[in-house]
Structure formats: structure tokens, C-alpha cells
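*Asks:* Using our numbering, read the sequence shown as starting at 50 and increasing by one per residue.
Glycine included, each C-beta is placed from N, C-alpha and C at the ideal position.
The following block contains the structure, expressed as C-alpha cells.
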Amino acid sequence: MVVYLTHGAKKNVGDYLIHSRARKLWEHVAPDVEAVSIARWEKSLPENATSLVLCGGPGLTTRMAEAVFPISGDAVKRTVPMSGLALGWHGQPARDPASFTMTGRTVAMLREMSDRFPISVRDDVTQVVAANFDIDTVRTGCAAWYSVPHLGQTPSAQHPDPKTVVFTTPARYQNTRETIAVMRMLRARFPKAKLIASFHRGIAKDDLTTARQSRYFRLQAFVARRLGFEVRDTAYDLAKIGFYQDVDLHIGYRVHAHLDFVSRRMPSVLISEDGRGTGQTESLHGEDQVLWAGSPNLVGRLEERIDHETSANWPSLQYAVDTIEATYPVMRQAILDQSRG
50 MVVYLTHGAK
60 KNVGDYLIHS
70 RARKLWEHVA
80 PDVEAVSIAR
90 WEKSLPENAT
100 SLVLCGGPGL
110 TTRMAEAVFP
120 ISGDAVKRTV
130 PMSGLALGWH
140 GQPARDPASF
150 TMTGRTVAML
160 REMSDRFPIS
170 VRDDVTQVVA
180 ANFDIDTVRT
190 GCAAWYSVPH
200 LGQTPSAQHP
210 DPKTVVFTTP
220 ARYQNTRETI
230 AVMRMLRARF
240 PKAKLIASFH
250 RGIAKDDLTT
260 ARQSRYFRLQ
270 AFVARRLGFE
280 VRDTAYDLAK
290 IGFYQDVDLH
300 IGYRVHAHLD
310 FVSRRMPSVL
320 ISEDGRGTGQ
330 TESLHGEDQV
340 LWAGSPNLVG
350 RLEERIDHET
360 SANWPSLQYA
370 VDTIEATYPV
380 MRQAILDQSR
390 G
């Protein structure tokens, strides 16, 4: 049996993390089943494919079948069985998931997939969105929840004054003014710490970043350096965030930096730019833990959250780890089901 596992890794290092974690989970749970990587934008499956697992990418979008997973068209044509692993709602409209719509082709594909067994989804809000279309799901969490070497471990005591802090910058360049305010707060809050600004989708203009976007990202990088941050472009290569292993605390906008930290039982605070961040925060930490980008006094509320967490030895991290440990058997069963075709 040869299972093809899709990925959406083009530039954003978070997409590389999702795929790496998904592959390692497969190797851990179903080592006897050959899992082969394939880009979700490919038009055709190799002839030896016996199953296609949709993983990564924006997940549930309006034109999921047509635009996000073109590879699914060939699977449908050839009647190759399909399933979904840790799919997630793409997060828009950010505060109104009930108004989200999908094409008839996408809904039909997802319903057919869920007729075999429930589709694995990454958070509670995705389950609600899918239920609106009569699509059966099971919440397994994101593949990035699971760092295999850390399964079964609990968080160690955290020092209230971290030596190294990484700040991940936002996806939306419109949040630049707020980003600068957050960086100023972090510099004042951690005067003795080494601060690093990490750009998950890079800084410079290229085929996947417009000149307008780059202009704002370069401004963020300029201000970060002026404030004493080290600036790192971490796009295109998972190895570029390998230094996260040596960082004491993450604060920022990037969902998969947050998931990387909590999966390794390390503290993190996520600022949510859309429903993807909100879905992960609510599922891992509880509804009262959401910090919306652009909300009134976001910087003040963020500093209060940091103060509370550090003084209480990171209760939100323990909550997340308990959630991950409780959900892992569900993820394991989903992979076993999919590995059997």
C-alpha cells in the first residue's frame, strides 16, 4: 500500500513544519505503510497511489477542491480513496464562521470522504464549520501539536526571566503599527533578554511576496534592529527555525511557531490574526485565552497575560499539554484508519 500525503510547503516555514510533523506521525503510528509526499498543487497522482491523504494547506476554503487541492481531481477521476488529516478552516470571515461558504464540488468531495470515516480536523471551529455542511469530522488537533519525542512529557518549571525570546511577525502587513508597539513592549518587558524577530514568510520581495508587503516587512525589520532585536528571515527552510530549540519563550502572530513551542512543552503566547489562530487558541487553551490582533489595548492585554503566566508558571501551557496528551489517541486512531485505506 502506498499512501500519498499532500503538503503545502512553498515559502511559509509553518507549512514545512506541518508536513514534517505529519510525516513523523505517520512513521511513528503506521511504520509499515509507505507514505510518500506530494505537493497539493500537482495535477496528477502517480500510478502506484492506493490512497491520497489531504494534509496542510489552508484546508477548508471556498474552493478547496478546485484551488487548494488540485491533486484531488485526479483522485476523484481514478476513484483513489481520499481522506483528510488535520484539515482546518482557513479562518475567513475571521469572526463569522457561520457565513463561510464552499462550492458544490468541494462539499461533495468532503461528504464523500467523510462517508468512509470522519475527516480529521485540527480544531473546534473547523468542526462547527464542517457540521454546517453535514460533513462528519473528528477533532485530532493539528499535526504540529505532536512532537513525537515529547509525547508523554510534562512541562518543566519555567524561569520568570527568560534569557532568549523569539517574536514572530504577522502575516498581515496591515498589522505593522501594532507589531512595532508589541516589539517596544517586549524590549521594555525583557530588558536583559536576547530578543529575536522571526519572519516566517520572509522579508524581501519575490514571487510569493509583493513589493507592498515587503515594504512593510522591511519596516518591521528596521524597527526591530533599532530596538535591539536580532532579525531572522526564516522562510523556505524548516532548518531556519531550528534555533527555536534554544529559545525560552515565544510571543507573536505565527500559529505554527506557537504550536512548535507548546508541542515541545515550552511557553508561548499567540496573537490571533484570523480564525485559524483563534481556533487553535480556543482548542488548546480555552476561549478566554484569545488575544485578537487589532483589538483595543492589545499591547496592554498582552503584557498582562505575560505577567500572569510567568508569575503562575504558565498554566496555559499545562492546559495545552493536557489537551495534546488527551487528543493524541484520537489522532493515532485517525492515522491507523487512513493507513488501512
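For Leu319, which residues from the same chain have a beta carbon less than 6 Å from its beta carbon, with the 5 sequence-adjacent residues on both sides left out?
*Replies:* The residue labelled residue 319 in the question sits at position 270 within the sequence shown. Excluding positions up to five away in sequence, the list reads His307, Gly326 and Thr330.
*Asks:* Can you look up Tyr265 in the DSSP assignment and give me helix, strand or coil?
*Replies:* To locate residue 265, count along the sequence shown from 1; it is residue 216. In the structure shown, Tyr265 sits in a helix (DSSP, three-state: H, G or I).
*Asks:* Determine the burial state of Ala220: buried for a count of at least 16 other Cβ atoms within 10 Å of its Cβ, exposed for fewer.
*Replies:* Taking the sequence shown and counting its residues from 1, one reaches residue 220 at position 171. Flag for Ala220 reads buried.
*Asks:* Please tell me whether Ala135 and Thr55 are closer than 9 Å, where the distance is taken between their beta carbons.
*Replies:* What you label residue 135 is simply residue 86 of the sequence shown in a count that begins at 1. What you label residue 55 is simply residue 6 of the sequence shown in a count that begins at 1. No, Cβ-Cβ distance for Ala135 and Thr55 is not below 9 Å.
*Asks:* On the CB-based measure, 16 or more other CB atoms within 10 Å of its CB, does Gln202 come out buried or exposed?
*Replies:* For the purposes of this step, residue 202 is taken as the residue at position 153 of the sequence shown. Its Cβ having fewer than 16 others within 10 Å, Gln202 is exposed.
*Asks:* In the DSSP assignment, what residue or residues form a beta bridge with His299?
*Replies:* Walking along the sequence shown from the start, residue 299 turns up at place 250. Paired residue(s): Val215 and Ser317.
*Asks:* Span of the beta strand (DSSP E) holding Val102?
*Replies:* Locating residue 102 in the sequence shown gives position 53, counting from the first residue. Segment Ser100 to Cys104, the beta strand (DSSP E) holding Val102.
*Asks:* Check whether the Cβ atoms of His305 and Val62 sit closer than 9 Å, and answer yes or no.
*Replies:* In the sequence shown, the residue the question calls residue 305 occupies position 256. In the sequence shown, the residue the question calls residue 62 occupies position 13. Contact: yes.
*Asks:* Just list the residues that DSSP pairs Ile87 with in beta bridges.
*Replies:* For the purposes of this step, residue 87 is taken as residue 38 along the sequence shown, with counting starting at 1. Thr55, per the DSSP bridge assignment.
*Asks:* Just checking my contact of Ser388 with Val82 at CB under 8 Å: how many whole Å lie between their CB atoms?
*Replies:* Position 339 of the sequence shown, counted from the start, is the residue given in the question as residue 388. Position 33 of the sequence shown, counted from the start, is the residue given in the question as residue 82. Right, their Cβ atoms sit about 4 Å apart.
*Asks:* Per DSSP, Ile229 is paired with what?
*Replies:* Taking the sequence shown and counting its residues from 1, one reaches residue 229 at position 180. Answer by DSSP bridge pairing: none, since Ile229 is not bridged.
*Asks:* Would you mind working out which of Asn362, Val177 and Pro198 sits nearest Gln294, comparing C-alpha positions?
*Replies:* Here the question's residue 294 lines up with position 245 in the sequence shown. Minimum Cα distance to Gln294 is reached at Pro198.
*Asks:* Between the segment 122–142 and the segment 168–183, do three or more beta carbon pairs fall short of 8 Å?
*Replies:* These segments touch.
*Asks:* In chain order, what are the residue ranges of uninterrupted beta strand (DSSP E) at least 3 long that sit wholly in the segment 161–185?
*Replies:* Within the segment 161–185, the complete beta strand (DSSP E) runs of at least 3 residues are 168–170.
*Asks:* Against chain D, with Cβ distances strictly below 9 Å, would Thr225 count as a contact?
*Replies:* Note that chain D does not occur in the displayed structure, where there is just one protein chain.
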